[in-house]
Amino acid sequence: MTNPLRSIAGSVALVTGAGSGMGRATARLFAEEGAWVAVTDVNAEAADATAAGIAAAGGKARAWRLDVGDPDDVARVVGEIGAWHDRLDIVVNNAGISNFNPIDGEEYDAVWDRVMQVNATGQQRVIRAALPWLRRAPAARIVNIASTEALGATSGNSAYAASKAAVTGLTRALALELGRDGITVNCICPGPIETGMTEKVPPEDKVVYAKRRTALRRYGQPEEVAHMTFSLC
Numbered sequence: 000m001t002n003p004l005r006s007i008a009g010s011v012a013l014v015t016g017a018g019s020g021m022g023r024a025t026a027r028l029f030a031e032e033g034a035w036v037a038v039t040d041v042n043a044e045a046a047d048a049t050a051a052g053i054a055a056a057g058g059k060a061r062a063w064r065l066d067v068g069d070p071d072d073v074a075r076v077v078g079e080i081g082a083w084h085d086r087l088d089i090v091v092n093n094a095g096i097s098n099f100n101p102i103d104g105e106e107y108d109a110v111w112d113r114v115m116q117v118n119a120t121g122q123q124r125v126i127r128a129a130l131p132w133l134r135r136a137p138a139a140r141i142v143n144i145a146s147t148e149a150l151g152a153t154s155g156n157s158a159y160a161a162s163k164a165a166v167t168g169l170t171r172a173l174a175l176e177l178g179r180d181g182i183t184v185n186c187i188c189p190g191p192i193e194t195g196m197t198e199k200v201p202p203e204d205k206v207v208y209a210k211r212r213t214a215l216r217r218y219g220q221p222e223e224v225a226h227m228t229f230s231l232c
């Protein structure tokens, strides 16, 4: 009880997909807790808006446009973030996309490639690019956002389900591999959350799905996931 409670104040946290939804909620929460937040998103205007909102509330943030599916983009942006304060303590791999397409759909191969590139390959690329700084951090943390779709699936969404299952496997393997360096690696598997990804689902369908497949019988809020992410960090 003599040790101070852990805090992320003064840490540098990289959050992908922080222009909206769970990523934006996480960036805001981390800033409220005193972290320097690197707000990244493929939508530059959305990233700028998140960072501006944090600054207006008295937090510390800077925005970058980042397509996690582009390896050159990942290398450049993560390098700039690490150089921002010559440290990087926390990586939250939140960026993700979903595209319903049946297995025999004409666009399936293209959908599969893009979903895997962003949701799975993008996460490992961000981690690899961040490792030089994470290995120097006193308490480095990696949190990968997966999905309950990794544990059970929805018809017509196999590319997404496969990509999120890959995230859980990546997390397990890296937890063992990087633990020796003092880096914790965890993932969160959110159920249905009220985000841009689910906003087109009709309200009546959300009610039916939530009653059948969630303990609280409702869709979750991005802030609820953000608090879980914060707890792991």
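Going by numbering that gives the first Met the number 0, the sequence shown opens with residue 0, and the numbers climb by one from there.
Where is the CB? At the ideal position from N, CA and C, for every residue including glycine.
So, at 6 Å on beta carbons, what are the nonlocal neighbours of residue i in its own chain, with the 5 sequence-adjacent residues on each side left out?
i	result
Arg111	Looking at the sequence itself, residue 111 is Trp, so the reference to Arg does not match. Contacts found: Ala158.
Leu173	Val184
Gly22	Val14, Gly16, Asn93
Ala160	Glu148, Ala152
Lys59	Trp35
Would you check if the distance between the CB atom of residue i and the CB atom of residue j is smaller than 9 Å?
i	j	result
Ile89	Cys232	yes
Asn143	Asn92	yes
Gly168	Gln116	no
Ile53	Ala26	yes
Val38	Asp66	no
Pro189	Val224	yes
Phe29	Ala51	no
Asp180	Arg134	yes
Trp132	Gly81	yes
Per DSSP, what kind of secondary structure is residue i in: helix, strand or coil?
i	result
Thr213	coil
Gly190	coil
Arg61	strand
Arg171	helix
Val38	strand
Which residue's Cα is closest to the Cα of residue i: the options?
i	options	result
His84	Val114, Ala161, Val36, Pro101	Val36
Thr147	Ala214, Ile187, Glu203	Ile187
Ile192	Arg216, Gln123, Gly178, Arg171	Arg216
Ile96	Val114, Ala128, Glu44	Val114
Gly57	Thr49, Arg64, Arg179	Thr49
Leu130	Ile182, Asp66, Ala24	Ile182
Ala128	Pro201, Glu79, Gly9	Glu79
Lys163	Thr194, Leu150, Ser154, Ala62	Leu150
Gln122	Val166, Glu44, Gln220, Ser154	Val166
Tyr107	Thr170, Ala55, Asn156	Asn156
Could you confirm whether any beta carbon from chain D is found closer than 9 Å to the beta carbon of residue i?
i	result
Glu193	Annotation note: the requested chain D is absent from the structure, which comprises a single protein chain.
Tell me which residues share the same chain as residue i and place their Cβ nearer than 7 Å to its Cβ, disregarding the 5 neighbours each side in the sequence.
i	result
Asp72	Leu65, Asp66
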